[in-house]
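Residue numbers (the numbering used here): -8 to 421. C-beta: ideal position from N, C-alpha, C; glycine also. Data first, discussion second: the structure below is written as structure tokens.
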Ligand code: IMP
């Protein structure tokens, strides 16, 4: 059995955690391959809500081994808090259950302080999550980062952390006029982290290879979305890691020969957190309606930062781009139920600029802010669709909305979620 990869097809928050949960039961391994605790995945199972930032969503199932891959940057403080929370919900977080790649990078309080200082000093804000992601990946790329393997040697780890903080304090103080961090106190905390996490460190690439060789299924869980990819996204309003298919190979240490399904998760409308272009954004009544009030866990407020998400109509121009970038074999559509009661439902299948219509983007995501969306109005539906379990249970207009996405992108839809509970899912091809 092969490696299946789940990727966000938009700007993140598509509901990947939820879909992963729906198919993780059949996997031997579920692995995160990029990013850090900037991600926020919510899974609702058996009436319990699990909020995950670093640990793969597959942890909610008793079966799969969960891996934090080499492409990740890991804040041990946050990982500990996440494990404590999961344990309180009855989930096994032992070293037998959760493995951390020796080649993943460690994220420290210095990275967080630098992220906030850099963002504060930026004339054009990116709207980062403030979790230290950019600085941690900068150090990795500059080849002076701290790898998770350090956690197997507590004393050496503490010494390295102290030197890292002292070095970074100079930047904090001299460049950003920020107070220095307490290097000794942080080093002491990391000594403790090393004792906790040392037993979790492994060559996870070898574990993945072994599983694949013995015919087991591995699920690679993407974080963020394709449009936030460092190379292919709306640069510079992106995150600092590869969020697309390429990241799965480098961030797990696995080859393309094993690749099976490439599952693009698509929300039935468009959302974005932070700054950057968003052609179909709706700032008025429609935007508020799509966002919700924040009273429900599935409303459009960041799982990590609580920020209200920007909302708008589904952008098929961007979806086609995303499908091409990743070679997506199928889409999983989430939150179709949120569109109930909107009439018409709009989609954008082309852009316009200077009187000219563009069915394709001329230079990828560059200059996205210069285009205006061309909308097609589709008939809406009023029915609450959360009880639909087959295609036929849906109102014809909802069915046609899904079929239109397939037609415009050339990518088949395999699953449609119509609510936040595990069973609120339609197998589209059945
Ligand atoms: P960073 O990853 O914290 O550096 O943030 C860079 C950009 O990516 C900002 O616009 C963030 O809002 C966005 N971002 C990072 N992680 C997520 C996520 O999990 N979902 C949605 N947006 C994200």
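| Check | Outcome |
| --- | --- |
| Coarse secondary structure for residue 148, derived from DSSP in three states | helix |
| DSSP-derived helix/strand/coil call for residue 292 | strand |
| DSSP three-state assignment for residue 418, whether helix, strand or coil | strand |
| Cutoff 7 Å; reference residue 116; Cβ partners in own chain excluding five residues on either side | 110 and 266 |
| Stretch-stretch touch, CB-based, cutoff 8 Å, three pairs: the segment 319 to 327 with the segment 6 to 15 | yes |
| Three-state class that DSSP yields for residue 11 in the structure shown | helix |
| Local conformation of residue 101 per DSSP, three classes | helix |
| Through-space distance from residue 374 to residue 81, alpha-carbon basis | 37 Å |
| Cross-strand partners of residue 32 (DSSP beta bridge) | 43 |
| Endpoints, the alpha helix (DSSP H) within which residue 185 is located | 174 to 188 |
| Residue 334 classed as buried or exposed, judged by whether at least 16 other C-beta atoms fall within 10 angstroms | exposed |
| Cβ-heavy atom distance, residue 186 to ligand 1, below 8 Å | no |
| At least 3 beta-carbon pairs within less than 8 Å: the segment 236 to 252 vs the segment 44 to 56 | no |
| 9 Å Cβ cutoff met for residue 3 and residue 214 | yes |
| 8 Å contact criterion, which residue 377 and residue 410 should meet: CB distance rounded | 4 Å |
| Beta-carbon gap between residue 35 and residue 413 smaller than 9 Å | yes |
| Proximal residues to residue 101 (C-beta, below 7 Å), its chain only, five neighbours per side dropped | 155, 156, 159 and 172 |
| Short Cβ contact (9 Å threshold) for residue 259 with residue 305 | yes |
| Closer than 8 Å: residue 25 CB and nearest ligand 1 heavy atom | no |
| Status (buried if at least 16 other CB within 10 Å, exposed otherwise) for residue 287 | exposed |
| Selection from 95, 39 and 75 that minimises the alpha carbon distance to residue 58 | 95 |
| Proximity test, residue 264 beta-carbon vs ligand 1 heavy atom, cut-off 8 Å | yes |
| Whole-angstrom distance between residue 73 and residue 394, CA atom to CA atom | 39 Å |
| Residues of its chain near residue 358, where Cβ-Cβ distance is below 8 Å and the 5 sequence neighbours each way are ignored | none |
| Proximity to residue -6 [Cα-Cα], best of 209, 346, 7 and 77 | 209 |
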